[in-house]
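Quick note: the sequence shown, position 48, residue 48 per my numbering, numbers continuous. Data first, discussion second: the structure below is written as structure tokens.
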Amino acid sequence: MTTGNDDYRDSGLEFAPGFVIGSATASYQIEGAVHDDGRGPSIWDTFSHTPGKIVDGDTGDVADDHYHRLESDLDLMASLGLEAYRFSIAWPRIQPLGSGEPVQAGLDFYGRLVDGLLARGITPIATLYHWDLPQALEDRGGWTNRETAYLFADYAAIVGAALGDRVATWTTLNEPWCSAYLGYGSGAHAPGRTEPLAALQAVHHLNLAHGLATQKLRAVVTNDPEFSVTLNFHVLRGDDASSPEAIRRIDALANRAFTGPLLRGEYPADLLADTAAITDWSFVHEGDLDTIRQPIDFLGVNYYSTATVRMWDGSSPRENADGHKDVGGSPWPGSTDVEFQVQAGPYTAMGWNIAPDGLEDLLVSLHEQFPATPLVITENGAAFDDVVVDGAVHDPERVDYLRRHFTAAHRAIARGVDLRGYLVWSLLDNFEWGYGFSKRFGIVHVDYDSQVRTVKDSGAWVAELIGSRRIPG
Ligand code: FCB
């Protein structure tokens, strides 16, 4: 039973000490400095430099220039009182070609980042892979090639040996759904391939990479860190007679294709059946499922909005509102006959519907499915068209979005969910993948000409929440 406002606009709700509140970013989205210190090209460098792939032709060449502004960005985090900072490590800074000897300067950069966080009392949460695969590995098949999983584990061992005395939390992968289905199925993300079989191979090799990397990390770290993986769940709605079937299919492809092997040690039978016309899944080798199901300390949950589905009738104009850029290919191998309906607003600047009830439902559902697995919200936030006026950014819609989603999180905790923390996406406005710099998710505004950072009202709101431990009034 839920109590509080129907619209999730509660205030005053208190988060217990130990519930970690912070913010998140990712390497390619903020760092820039793509040629510094021996960094090799990633698939996102190639993709963003390919005409037509990114809105306005934007690239991450400079982005937030965070690589050169590390100290002042760390001070900014401290000024907001962040308890934790989730960042990702760029594999091509560590191994420019995706294998071989590490580049010391790359390791040193992340060493300075971790030390700077610890010096400011901020917990470092490191993600090993937030989509910037070394291009050299894509040239050998990328995530369709089983070897990539083993090379990823080698990379994890290198980073673990360098930072494994200080990083508090390791996350292997960020949103393998996007890497596999947007990267190899729809083509909206790098490397931009549109092959249903490749997408499913990528799913498995990413899962395998998680398992192998977790084993290697565990063997080399010397502190007592937490291990995790972050998934972006599809929270599915539907009110048509065909919706239950559509929901089952998308839940299998998008959610259970990951939670099944990662947490249960099996691929769902219905997923294998739904995709049988594409593959017999013989790329899953004997022993892989044992490797993939590694004990984790929590599951990272990224949530932004819901999806409403039904089976397409084959004749009426087809709705395709799955929240992802439509560039021709499908991110739904084997289930391209599922229709994603336009949902009721309000919407963020991404066109994503705002639905805090979806977050509450998701957290409760995950807790019911995996009662022994603690949860952390590793991303939640919203893009709006912010402007700086007289040195300030008033973003009441983002404050409202965050209020409603923190309320949802609080309600889930009240219903017994073991939710350990909440990291707002994002600390800084940044390179929003196929949308380039046209979408601003930051709680801190970035002027891309001057690189001036301006804390938005939402940033001040988050700081107040952390300071008081209560949802501000
Ligand atoms: C997630 C990504 C993150 C950011 C947000 C808006 O899918 O993990 O990098 O782009 O969406």
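Every residue, glycine too, gets a C-beta built ideally from N, C-alpha and C.
Is the distance from the Cβ of residue 424 to the Cβ of residue 381 below 8 Å?
Your numbering for residue 424 matches position 424 in the sequence shown. Your numbering for residue 381 matches position 381 in the sequence shown. Closer than 8 Å, so yes.
Count the other C-beta atoms from every protein chain shown that fall within 10 angstroms of the C-beta of residue 83, then say buried if there are 16 or more, exposed otherwise.
Mapped onto the sequence shown, residue 83 falls at position 83. It counts as buried.
Whether or not the segment 33–44 and the segment 78–94 are in contact is what I'm after, with contact meaning three or more pairs of Cβ atoms, one per stretch, closer than 8 Å; do they touch?
yes
Could you spell out where the alpha helix (DSSP H) holding residue 452 opens and where it closes?
Position 452 of the sequence shown holds residue 452. From DSSP, residue 452 is part of no alpha helix (DSSP H); its letter is neither H nor E.
Count the other CB atoms, across all protein chains shown, that sit within 10 Å of the CB of residue 347; report buried if there are 16 or more and exposed otherwise.
Here residue 347 refers to the residue found at position 347 when the sequence shown is read from its first residue. That one is exposed.
Helix, strand or coil: which one does DSSP assign to residue 19?
To locate residue 19, count along the sequence shown from 1; it is residue 19. It is coil, neither helix nor strand.
Cβ-heavy atom distance between residue 232 and the ligand FCB below 7 Å?
Residue mapping note: residue 232 aligns to position 232 of the sequence shown, counting from 1. Correct: residue 232 has its Cβ closer than 7 Å to the ligand FCB.
Can you tell me the Cα-Cα spacing of residue 32 and residue 21, whole angstroms?
Here residue 32 refers to the residue found at position 32 when the sequence shown is read from its first residue. Here residue 21 refers to the residue found at position 21 when the sequence shown is read from its first residue. For residue 32 and residue 21, the distance between alpha carbons rounds to 26 Å.
Does DSSP put residue 310 in a helix, a strand or coil?
For this step, residue 310 is matched to residue 310 along the sequence shown. Here residue 310 sits in strand by DSSP.
Curious, which full-length beta strand (DSSP E) runs of at least 3 residues does the segment 97–149 contain?
123–129
For residue 473, I'd like the list of residues in its chain whose CB is within less than 8 Å of its CB, leaving aside the five on either flank, ordered along the chain.
The residue you call residue 473 lines up with position 473 of the sequence shown. These residues qualify, in order along the chain: 11, 12.
Residue 394: CB within 7 Å of a non-hydrogen atom of the ligand FCB:
Translated into the one-based positions of the sequence shown, residue 394 becomes position 394. No.
Helix, strand or coil for residue 1? Go by DSSP, reduced to three states.
Within the sequence shown, numbered from 1, the residue matching residue 1 stands at position 1. Here the model assigns residue 1 a pLDDT of 41, short of 50, so the residue's position is not dependable and the matter cannot be decided.
Return the first residue and the last residue of the beta strand (DSSP E) that residue 88 is part of.
As a working mapping, residue 88 is identified with position 88 in the sequence shown. Its beta strand (DSSP E) spans residues 84–88.
With respect to the alpha helix (DSSP H) encompassing residue 47, which residues constitute its N-terminal and C-terminal limits?
In the sequence shown, residue 47 corresponds to position 47, counting from 1. Counting along the chain, the alpha helix (DSSP H) containing residue 47 begins and ends at 43–48.
For residue 421: DSSP bridge partner residues
Counting from one through the sequence shown, the residue named residue 421 turns up at place 421. 20, 376, per the DSSP bridge assignment.
Looking at the structure shown, is residue 201 part of a helix, part of a strand, or coil, going by DSSP?
Locating residue 201 in the sequence shown gives position 201, where the first residue counts as 1. In this structure, residue 201 counts as helix in the three-state DSSP scheme.
Spatial neighbours of residue 187 within its chain, please: CB distance less than 8 Å, with the 5 preceding and 5 following residues excluded, ordered by chain position.
Along the sequence shown, read from residue 1 onward, the residue named residue 187 stands at position 187. 193, 194, 327, 328, 329.
Please confirm whether residue 426 and residue 442 have their CB atoms less than 8 Å apart.
Position 426 of the sequence shown, counted from the start, is the residue given in the question as residue 426. Position 442 of the sequence shown, counted from the start, is the residue given in the question as residue 442. Cβ atoms of residue 426 and residue 442: closer than 8 Å.
Is it the case that the Cβ atoms of residue 307 and residue 363 are separated by a distance below 8 Å?
By 1-based counting over the sequence shown, the position of residue 307 is 307. By 1-based counting over the sequence shown, the position of residue 363 is 363. The answer is no: Cβ separation not under 8 Å.
Residue 405 to residue 384 span [Cα, whole Å]
In the sequence shown, counting from the first residue as 1, residue 405 sits at position 405. In the sequence shown, counting from the first residue as 1, residue 384 sits at position 384. Roughly 16 Å separates the two Cα atoms.
From 333, 272, 377, 271, pick the residue whose C-alpha is nearest to that of residue 233; which is it?
Here residue 233 refers to the residue found at position 233 of the sequence shown. The shortest C-alpha separation from residue 233 is found at 377.
Look at the alpha carbon of residue 197 and the alpha carbon of residue 207, and state the distance between them as a whole number of angstroms.
Taking the sequence shown and counting its residues from 1, the one referred to as residue 197 is at position 197. Taking the sequence shown and counting its residues from 1, the one referred to as residue 207 is at position 207. Rounded to whole angstroms, residue 197 to residue 207 spans 16 Å at the Cα level.
If residue 128 sits next to residue 156, beta carbons under 8 Å apart, how far is it from one beta carbon to the other, in whole angstroms?
Walking along the sequence shown from the start, residue 128 turns up at place 128. Walking along the sequence shown from the start, residue 156 turns up at place 156. Correct: roughly 6 Å between the Cβ atoms.
Suppose you measure from the CA of residue 150 to the CA of residue 28; what does that come to, to the nearest Å?
Translated into the one-based positions of the sequence shown, residue 150 becomes position 150. Translated into the one-based positions of the sequence shown, residue 28 becomes position 28. Their Cα atoms are separated by approximately 22 Å.
Residues that residue 470 bridges to, as DSSP identifies them:
Translated into the one-based positions of the sequence shown, residue 470 becomes position 470. DSSP lists 14 as partners of residue 470.
In chain order, what residues of the same chain have a beta carbon less than 8 Å from the beta carbon of residue 180, not counting five sequence neighbours either side?
In the sequence shown, residue 180 corresponds to position 180, counting from 1. Around residue 180: 143, 199, 200, 202, 203, 206.
Which one of 428, 430, 414, 240 has the shortest CA to CA distance from residue 14?
Reading the sequence shown from its first residue, position 14 is the one you call residue 14. Among 428, 430, 414, 240, the Cα nearest to that of residue 14 belongs to 414.
Need the endpoints of the beta strand (DSSP E) that residue 387 sits in, please.
Here residue 387 refers to the residue found at position 387 when the sequence shown is read from its first residue. Careful: residue 387 lies outside any beta strand (DSSP E) and carries neither H nor E.
Buried or exposed, going by whether 16 or more other CB atoms sit within 10 Å of the CB of residue 235?
Walking along the sequence shown from the start, residue 235 turns up at place 235. Flag for residue 235 reads buried.
Status (buried if at least 16 other CB within 10 Å, exposed otherwise) for residue 1:
Taking the sequence shown and counting its residues from 1, one reaches residue 1 at position 1. Any reading at residue 1 needs caution, since the residue's pLDDT is 41, under 50, leaving its predicted position unreliable; the model's value is listed next. Result: exposed.
When DSSP labels each residue in this structure, what does residue 330 get in the three-state scheme?
Counting from one through the sequence shown, the residue named residue 330 turns up at place 330. Looking at residue 330 - three-state DSSP - the assignment turns out to be coil, as it is neither helix nor strand.
Short Cβ contact (8 Å threshold) for residue 462 with residue 80:
As a first step, residue 462 is located in the sequence shown; it is residue number 462 there, counting from the start. As a first step, residue 80 is located in the sequence shown; it is residue number 80 there, counting from the start. Yes, Cβ-Cβ distance for residue 462 and residue 80 is below 8 Å.
Give me the Cα-Cα distance between residue 455 and residue 428, rounded to the nearest whole angstrom.
Translated into positions along the sequence shown, residue 455 becomes position 455. Translated into positions along the sequence shown, residue 428 becomes position 428. Rounded to the nearest angstrom, the two C-alpha atoms are 9 Å apart.
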